[in-house]
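Undergrad: In the order they appear, the protein sequences are chains A and B. Numbers given in my numbering equal positions in the first sequence, counted from 1, plus 964. Numbers given in my numbering equal positions in the second sequence, counted from 1, plus 2. Here a beta-carbon is modelled for each residue, glycine too, at the ideal position from N, C-alpha and C. Note that the structure is a prediction, hence the values are computed from the model and not measured.
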Amino acid sequence: MSSPFLTAVNISHTFHDLPVLENISLEIQSGGFVALVGPSGVGKSTLLRILAGLLRPSSGDIHMADGSRQEPIGLVFQRDNLMPWRTVAENVRLPLELMGVNGREANGRVQAMINLVGLVGFEQRYPAQLSGGMAQRVALARALVHEPLFLLLDEPFGALDALTRERMGLELLRIWEAMPVTVLLVTHSISEAVFLADEVLVMGSRRPNTERPATITHRIPTGLPRPRDLAMERTAVFQDCVTAVRAAIESGV
Amino acid sequence: MNTLRTQPTWLTAVISFAFLILGWQLLVTIGGYEKFILPGPLDVWQQLKIVVGDGRLLRHSLITISEIIPGLLIGCLVAAPLGYLLAKSPLAERLLSPYLIASQAIPIIAIAPLLTIWISSVYWSRVAVAALVVFFPILINMVVGLRSVPSELYELMHVLKADAGQIFRKLEFPAALPVFMAGLKIGATLAVIGALVGEFVQPQSRGLGFLLIMARQSFKTDLVFVILLTLATIALSLYGLVALLEKRVLRWKLQK
Ligand SMILES: Nc1ncnc2c1ncn2[C@@H]1O[C@H](COP(=O)(O)OP(=O)(O)OP(=O)(O)O)[C@@H](O)[C@H]1O
Ligand SMILES: [Mg+2]
Chain A
965 MSSPFLTAVN ISHTFHDLPV LENISLEIQS GGFVALVGPS GVGKSTLLRI LAGLLRPSSG
1025 DIHMADGSRQ EPIGLVFQRD NLMPWRTVAE NVRLPLELMG VNGREANGRV QAMINLVGLV
1085 GFEQRYPAQL SGGMAQRVAL ARALVHEPLF LLLDEPFGAL DALTRERMGL ELLRIWEAMP
1145 VTVLLVTHSI SEAVFLADEV LVMGSRRPNT ERPATITHRI PTGLPRPRDL AMERTAVFQD
1205 CVTAVRAAIE SGV
Chain B
3 MNTLRTQPTW LTAVISFAFL ILGWQLLVTI GGYEKFILPG PLDVWQQLKI VVGDGRLLRH
63 SLITISEIIP GLLIGCLVAA PLGYLLAKSP LAERLLSPYL IASQAIPIIA IAPLLTIWIS
123 SVYWSRVAVA ALVVFFPILI NMVVGLRSVP SELYELMHVL KADAGQIFRK LEFPAALPVF
183 MAGLKIGATL AVIGALVGEF VQPQSRGLGF LLIMARQSFK TDLVFVILLT LATIALSLYG
243 LVALLEKRVL RWKLQK
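What follows is the structure, given as structure tokens:
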């Protein structure tokens, strides 16, 4: 449980002449759940893409646990990015198809994920027929269906109402507890970050009056016991942690 | 206006066609033109009955169609992979696109005689002209279609460790299909023009183009009209077929 799943050392990234990330080092434990927060435009999505192996950083190294680089990962983009020519069920099935999982086994897993995200009855609809929040839930189901070892979520609940958002968060925790999956979650909701994660990483700039280049300014362990339940949001530990994260974000800009 | 708009499209089409015929007849009656300058609808109808009756129209139409279809298919089969190459390889694009664009500046009617020199078979030289006309719009649409694939979907395939074949089958092909089908619709009508140009250059005794030349030389203007109408019908039918195919393969587009 305590071997690092991913280690990033001194990651810096510059887009053309815009320095975005500077000297970011982080470690995510195997089976850990880390949340990443920070103001808009600070570089959260950029860092996520670097960790996903989609973007080569201008400098720095990333090490991953043996073999996990070659495994398909689960990824939810900030925008849902479904394939418009595939139905809901076909979108969710995509990762399984690519891995060669077919037939009844695939159908069962797809249906289970659709149940989980609450889209029963919409299996044969196309993305154009879904609301923004429904599409996001399809994207989440697609990210989870192949039981990835590494799950990267960029604002996966951004378009959901508060109650659905809470329910999806709890489902995500349930899945995370049942599977050997390591999660990195980008979110704009401080309370969501604290409620779900073991540790909240706060991004911001160390320089005054500018957001860029950003680094990780604070690492705040949430200190809440597992398994989590919604009643914990009323505890002093939770409230203190939320206050600490908020102060960290404000001090960083 | 409003009542017309609420009618089914076939009814609108019939009404507008009726007006067209009526206007045509009026023009002939008022103008009093000679039959070889502007034949009336009735003359054309008589001529149509003759060439349908003696089987000439069908025979020459089938020959022209047998040039259009392979021309369209060959044009697609060459243009689609080349379009893929151009869209995927910046080097190929830099090397080839100047020539491809320059080739479009030369009218097909100027290239066609060259093709007949290089290809000795009358049939295949006509098919080649049709294919050449079809080639460019298909190529362009293939490139545009592939370029329109959202980069996030490429990234998704990448993190799911899809191989090149899977990326093509499950992402690029379906994503480019709508634009490709639009190109195919344009190509279908252009193939008709291409085959006809091929027949003009190589008119040896068969095809609607040959029939057209014969009709013109003997001042059978009513027969010219019959042939033009036949060509329009062929082009419309082919377009309709492609549109039907498009509806089938792009069913998801209709579900809005
Ligand atoms: N592909 C790109 N090319 C150039 N600049 C980019 C690119 N992607 C992001 N940027 C820039 O990098 C900075 C960080 O962007 P990023 O998307 O990582 O922010 P973010 O923290 O995810 O913001 P948000 O919370 O609004 O999603 C922004 O200033 C943005 O303009
Ligand atoms: Mg972002």
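E154(B) and R1043(A): beta carbons closer than 9 Å?
TA: Locating residue 154(B) in the second sequence gives position 152, counting from the first residue. Locating residue 1043(A) in the first sequence gives position 79, counting from the first residue. It is a contact, given that the beta carbons lie within the stated cut-off.
Undergrad: For Q1100(A) and P1120(A), which I take to be in contact (beta-carbon distance under 8 Å), what is that distance rounded to the nearest angstrom?
TA: As a first step, residue 1100(A) must be located in the first sequence, where it is residue number 136. As a first step, residue 1120(A) must be located in the first sequence, where it is residue number 156. The pair is a contact, with the Cβ atoms about 6 Å apart (cut-off 8 Å).
Undergrad: Relative to ligand 1, is the shortest distance from any of its heavy atoms to the C-beta of Q1100(A) smaller than 8 Å?
TA: Indexing the first sequence from 1 puts residue 1100(A) at position 136. The answer is no for Q1100(A).
Undergrad: Counting C-beta neighbours from all protein chains within 10 Å, is the total for W12(B) 16 or more, i.e. buried, or is it exposed?
TA: Sequence index remark: in the second sequence, residue 12(B) carries index 10 (1-based). Exposed, since its Cβ has fewer than 16 Cβ neighbours within 10 Å.
Undergrad: Relative to the C-alpha of L985(A), which residue among H1152(A), S1009(A), P1144(A) is closest?
TA: In the first sequence, residue 985(A) corresponds to position 21, counting from 1. L985(A) has its Cα closest to that of S1009(A), out of H1152(A), S1009(A), P1144(A).
Undergrad: Going by C-alpha distance, which of K37(B), S63(B), V30(B) is nearest I229(B)?
TA: Taking the first residue of the second sequence as 1, we reach residue 229(B) at position 227. The option with the nearest alpha carbon to I229(B) is S63(B).
Undergrad: With a CB to CB cut of under 8 Å and the five nearest residues on each side skipped, what residues in its chain are close to S976(A)?
TA: Numbered from its first residue, the first sequence carries residue 976(A) at position 12. P983, L985, E986, N987, I988, P1021, S1022, S1023, G1024, P1177.
Undergrad: Can you tell me where the alpha helix (DSSP H) holding F175(B) begins and where it ends?
TA: As a position in the second sequence, residue 175(B) is number 173, starting the count at 1. F175(B) -> alpha helix (DSSP H) spans 175–203.
Undergrad: What residue from R1106(A), F1041(A), L1134(A) has the CA that sits closest to A1142(A)'s CA?
TA: Reading the first sequence from its first residue, position 178 is the one you call residue 1142(A). Taking only the C-alpha atoms, the option nearest A1142(A) is L1134(A).
Undergrad: Please decide whether M1028(A) counts as near chain B, where near means a Cβ-Cβ distance under 9 Å.
TA: Mapped onto the first sequence, residue 1028(A) falls at position 64. Answer no: the Cβ-Cβ gap between M1028(A) and chain B never drops below 9 Å.
Undergrad: Would you call T1179(A) buried or exposed, if buried means 16 or more other Cβ atoms sit within 10 Å of its Cβ?
TA: Taking the first residue of the first sequence as position 1, residue 1179(A) is located at position 215. The residue in question, T1179(A), is buried, as its Cβ has 16 or more Cβ neighbours within 10 Å.
Undergrad: Should E248(B) be flagged as near chain A, meaning a C-beta pair shorter than 9 Å?
TA: Here residue 248(B) refers to the residue found at position 246 of the second sequence. No, because no Cβ of chain A sits closer than 9 Å to the Cβ of E248(B).
Undergrad: When you measure from the CB of D1118(A) to every non-hydrogen atom of ligand 1, does any distance come out below 8 Å?
TA: Translated into positions along the first sequence, residue 1118(A) becomes position 154. True, at least one ligand heavy atom lies under 8 Å from that Cβ.
Undergrad: If you follow the alpha helix (DSSP H) that L97(B) is part of, which residue opens it and which one closes it?
TA: In the second sequence, counting from the first residue as 1, residue 97(B) sits at position 95. That run of the alpha helix (DSSP H) goes 92–107.
Undergrad: Using three-state DSSP, classify N1173(A) as helix, strand or coil.
TA: Position 209 of the first sequence, counted from the start, is the residue given in the question as residue 1173(A). Residue state, collapsed to three classes: coil.
Undergrad: Give a yes or no on whether the C-beta atoms belonging to I236(B) and I67(B) are separated by under 9 Å.
TA: Reading the second sequence from its first residue, position 234 is the one you call residue 236(B). Reading the second sequence from its first residue, position 65 is the one you call residue 67(B). In contact: I236(B) and I67(B) (Cβ atoms closer than 9 Å).
Undergrad: What is the DSSP secondary structure of G42(B), reduced to helix, strand or coil?
TA: Position 40 of the second sequence, counted from the start, is the residue given in the question as residue 42(B). It is coil, neither helix nor strand.
Undergrad: Contact check, T1186(A) vs G995(A) under 8 Å by CB: the rounded distance?
TA: On the first sequence, position 222 is the one that residue 1186(A) refers to. On the first sequence, position 31 is the one that residue 995(A) refers to. Rounded, the Cβ-Cβ distance is 16 Å, inconsistent with contact.
Undergrad: Quick check on the contact list: which residues have their beta carbon closer than 5 Å to a heavy atom of ligand 4?
TA: Looking for ligand 4 in the displayed structure turns up nothing; the ligands present are ligand 1 and ligand 2.
Undergrad: Counting only beta-carbon separations shorter than 9 Å, does G1017(A) have a partner in chain B?
TA: Mapped onto the first sequence, residue 1017(A) falls at position 53. True, the Cβ-Cβ gap to chain B drops below 9 Å.
Undergrad: Looking at the secondary structure, which residues open and close the beta strand (DSSP E) in which A1161(A) lies?
TA: For the purposes of this step, residue 1161(A) is taken as residue 197 along the first sequence, with counting starting at 1. Here A1161(A) belongs to no beta strand (DSSP E), and DSSP marks it neither H nor E.
Undergrad: Which residues in the same chain have their Cβ closer than 6 Å to the Cβ of L88(B), if we skip the five residues on either side of it in sequence?
TA: Within the second sequence, numbered from 1, the residue matching residue 88(B) stands at position 86. Counting only Cβ-Cβ distances below 6 Å, and skipping sequence neighbours, we find A94, E95, V145.
Undergrad: If we define contact as Cβ-Cβ less than 9 Å, is M3(B) a contact residue for chain A?
TA: As a position in the second sequence, residue 3(B) is number 1, starting the count at 1. For M3(B), the pLDDT reaches just 48, beneath the cut-off of 50, and the residue's location in the model is therefore unreliable, leaving the point undetermined.
Undergrad: Go through its chain and collect everything with a Cβ distance to G1224(A)'s Cβ below 7 Å, but skip five positions before and after it.
TA: With chain A covering 965 to 1217 only, the question about residue 1224(A) has no answer from this structure.
Undergrad: Whole-angstrom Cβ separation of V203(B) and P109(B), contact assumed at under 8 Å?
TA: One-based indexing of the second sequence puts residue 203(B) at position 201. One-based indexing of the second sequence puts residue 109(B) at position 107. Actually they do not touch by this definition, with Cβ atoms about 12 Å apart.
Undergrad: Note down, one range per segment and in chain order, each beta strand (DSSP E) of at least 3 residues found wholly within the segment 1062–1142 of chain A.
TA: Counting whole runs of 3 or more residues, the segment 1062–1142 of chain A contains the beta strand (DSSP E) stretches 1114–1118.
Undergrad: With a threshold of 8 Å, establish whether the CB of Q106(B) neighbours any heavy atom of ligand 2.
TA: The residue labelled residue 106(B) in the question sits at position 104 within the second sequence. The answer is no for Q106(B).
Undergrad: To be precise: take each residue of the segment 90–105 of chain B, compare its Cβ to all Cβ atoms of chain A, and keep it if any distance is under 7 Å. Which residues remain?
TA: Those would be none; no residue qualifies.
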